[in-house]
Amino acid sequence: MLYKVKAKFHEDLLKEFFKKLTDGTIENQKPDGLEMINSMKKAKIVEANSVAWYEQCFCETPLNHERTTVYDRYFTEFETTLVDEAKDDIIGDSFWEYMEVL
2 MLYKVKAKFH EDLLKEFFKK LTDGTIENQK PDGLEMINSM KKAKIVEANS VAWYEQCFCE
62 TPLNHERTTV YDRYFTEFET TLVDEAKDDI IGDSFWEYME VL
């Protein structure tokens, strides 16, 4: 299933999050590590401390595994919406590029 996700990020933890995204920690997480990395590469900052993205997930509860293993440490106030396809409708600056320069 594909979800459109919006969440608030913890600014003070972004360096740590980016390190885990790029050092293999998250990439090696099965079954969803690569999906999380690809989703974060496409994520956009949509307002102050909020980011939105699309993510494929097959958990009964949306993003359950991703949240319990990674996301809940770095994000709060999740909103998930089941969608049929990813669209080019998330407008904002690249979250990945933002984290890259911290």
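FYI, the numbering for the sequence shown is 2 to 103, going by this note's numbering. Where a beta carbon is used, it is the ideal one built from N, C-alpha and C, also for glycine.
For Leu103, same chain residues with a beta-carbon under 8 Å away, outside a window of 5 residues either side, are Leu15, Lys16 and Phe19 in chain order. Looking at the backbone, the Cα of Glu28 and that of Asn39 are separated by about 10 Å. The straight-line gap separating the alpha-carbon atoms of Gly34 and Leu22 is approximately 9 Å. In the structure shown, Phe79 falls within a strand segment according to DSSP collapsed to helix, strand and coil.
Taken in chain order, the complete alpha helix (DSSP H) segments of 4 or more residues contained in the region 10-88 are 15-23 and 34-43. Taking C-alpha positions only, Asp85 is separated from Glu67 by approximately 20 Å. The Cβ atoms of Lys9 and Tyr55 lie no closer than 8 Å to each other.
Beta-bridge partners of Val6 (DSSP): Trp54 and Thr81. Its chain contains Phe10, Ala44, Ile46 and Phe96 as the residues whose beta carbon lies nearer than 6 Å to that of Val52, once the 5 sequence neighbours on both sides are disregarded; these appear in chain order.
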